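Structure, as structure tokens:
Shown next as structure tokens:
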């Protein structure tokens, strides 16, 4: 058993020209006890359990996905027996098991009756008459593999030339292998006599307590019926007029809709049962190497990626370090990326450019009002193990806000008010904004000749407002901006007020 390796990695350190005393150190923690609520993008990743019971980010299992061809999906997740599909549960004697192949849970059967479902009109097993292609697939982990243990069974009847004909689709153990029997399942009475009863038996022994992936697929375009185990063809037949490739194809012909029973006589686990209305297609990530068998990976080899939402700090902030707590079992890996800027509204997938973080080399130039982090996770070569990230801590330094003027005075005149203030005692102040309005604490003025509030007064300590209405009181406050960046604005001064009057000097 490979021992997991828990790493805490100092990812990068940024050198800045400002003195340490001119910056305020702060931190933002993502994940951990705070959770992962601030993620913007999740590509093939899912939430799992990391250290100390906290949620972690890991690669999503390669569970079956719902698409336009999906007829039924039973994945035993989210406390729902039917994950997708217009099927009703008739009976369910399966229990949930955490020893799953995909996601968190599998179905556990102890030879107590299994699961029976009934398809509504329009579903594959809820339809009557001629149908097209189909695929039935599932993961299986038997405790034993005795003859007669039944994984799937469907029985019905149909009327053929005014005669009632028995139908069956059955998948059971026979000699340690799975065998499929399709009786009168196809329209064989009019097109292909060979389609009356079809048997498809595997060549691979099903090993107890080991997961295996099983597929039965029919392509109505060429009449090809396939049985695959772990992605490798075990049996193939052509349901055609002459029983050979290239013959006239035969369609599925179902009679009276009836229930489908899974694991009615079976001891073991089953996971991710899916029926689709199309023939089986090999996923792009299942291409086998020369001389090796095809295997469905638990995790896609491409791995997964998540990105945080842009984290707003303050203009001119400097990212000092990124500390990540993550778990990388043997052959797995994680990679971190970061980008920054002052206005994330014009960001795209590629702009600003993501910078890969090398834990052995410092990085410079990570500054801005927004920081965004990304992480890529890679599974092991067999696609059976995932890394995980439990927490990321972002340490950064903010440029301190300059202090406001300590004294502010307002002197009214005829349709004018002149403000004077003391210069800020903060030597980082580069100039001043003057805020005004007609209500105390609300500086939304738009009535002075000089323009809308706030007014950028510059590096001065006096400013005169003109075009004011005599008799109307005005309220003012002054704030300093930073000499490093005029978008970094400090707190407001104490409020003052004045009222222009007709009797005052022009």
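Residue numbers (our numbering): -10 to 495.
Glycine is no exception: its CB is placed at the ideal position from the N, C-alpha and C atoms.
Just so it is clear, the structure is predicted and the values come from calculations on it, not from any experiment.
By Cβ distance below 7 Å, which residues in the same chain neighbour residue 254 in space, the five residues on each side in sequence not counted? The beta carbon of residue 254 is closer than 7 Å to those of 100, 137, 138 and 139 in its chain, skipping five residues each way along the sequence.
How many whole angstroms separate the CB atoms of residue 313 and residue 218, which I take to be in contact at a CB cut-off of 8 Å? So it is not a contact: roughly 40 Å between Cβ atoms.
So within the stretch 71 to 141, which uninterrupted beta strand (DSSP E) runs reach at least 3 residues, ignoring any that extend past its ends? Taking 3 residues as the shortest admissible run, the stretch 71 to 141 contains the following complete beta strand (DSSP E) segments, listed from N- to C-terminal end: 76 to 81, 84 to 86, 95 to 99, 104 to 108, 118 to 120 and 123 to 131.
Below 7 Å CB to CB, which residues in the same chain sit around residue 21 once its five sequence neighbours on both sides are set aside? Excluding sequence neighbours, residue 21 sits near 43, 379 and 380.
Which partner residues of residue 144 appear in the DSSP bridge assignment? Beta-bridge pairing links residue 144 to 157.
Residues near residue 401 by beta carbon distance below 7 Å, same chain, minus five either side: Only 487, 488, 489, 490 and 493 meet the Cβ criterion.
Three-state secondary structure (DSSP) at residue 174? It is coil, neither helix nor strand.
Use the C-beta contact count for residue 483: other C-beta atoms within 10 angstroms, 16 or more gives buried, fewer gives exposed. Exposed is the call here.
Using the beta-carbon count (16 or more within 10 Å), is residue 141 buried or exposed? With a 10 Å radius around the Cβ and a threshold of 16 neighbouring Cβ atoms, residue 141 comes out buried.
With DSSP run on the structure shown, which of helix, strand or coil describes residue 335? In this structure, residue 335 counts as helix in the three-state DSSP scheme.
Residue nearest to residue 444 in terms of C-alpha spacing, selected from 363, 289, 460 and 467: With distances taken between Cα atoms, residue 444 lies closest to 467.
Grouping DSSP H, G and I as helix and E and B as strand, with all else coil, what is residue 279? Summary for residue 279: the model assigns pLDDT 42, below 50, so the residue's position carries little reliability; its value from the coordinates is reported in the next sentence. Three-state DSSP puts residue 279 in coil, outside helix and strand.
Beta-carbon separation (whole angstroms), residue 72 vs residue 64, contact threshold 8 Å: Indeed they touch by this definition, with Cβ atoms about 5 Å apart.
For a quick check, are the C-beta atoms of residue 384 and residue 329 less than 7 Å apart? Not in contact: residue 384 and residue 329 (Cβ atoms no closer than 7 Å).
Please go through the stretch 315 to 397 and give each complete beta strand (DSSP E) segment of 3 or more residues, from N-terminal end onward. List check, beta strand (DSSP E) in window: 322 to 330, 356 to 367 and 377 to 387.
Roughly how far, in whole angstroms, is the beta-carbon of residue 356 from the beta-carbon of residue 307, given that I think they are within contact range, below 8 Å? Between the beta-carbon of residue 356 and that of residue 307 there is about 5 Å, and that keeps the pair under the 8 Å contact cut.
Once you ignore the five residues that flank residue 36 on each side, which residues in its own chain have a CB closer than 6 Å to its CB? The residues are 44.
Starting from residue 200, trace the beta strand (DSSP E) both ways and give me its first and last residue. Segment: none, residue 200 is in no beta strand (DSSP E) and carries neither H nor E.
Leaving aside the five residues before and after residue 234 along the sequence, list all residues of the same chain whose C-beta is less than 6 Å from its C-beta, in chain order. Closer than 6 Å at the Cβ level, and outside the excluded window around residue 234, lie 227.
Can you give the beta carbon distance from residue 295 to residue 30, rounded, assuming they're within the 8 Å contact cut? Rounded, the Cβ-Cβ distance is 6 Å, consistent with contact.
With respect to the beta strand (DSSP E) encompassing residue 454, which residues constitute its N-terminal and C-terminal limits? For residue 454, the enclosing beta strand (DSSP E) starts and ends at 451 to 455.
Whole-angstrom distance between residue 208 and residue 237, CA atom to CA atom: Rounded to the nearest angstrom, the two C-alpha atoms are 13 Å apart.
Leaving out five residues before and five after residue 412 in sequence, what residues of the same chain have Cβ atoms less than 8 Å from its Cβ? Excluding residues up to 5 positions away in sequence, 394, 418 and 450 lie with their Cβ nearer than 8 Å to the Cβ of residue 412 in the same chain.
DSSP beta-bridge partners for residue 48? DSSP, once it has assigned bridges, lists 34 as partnering residue 48.
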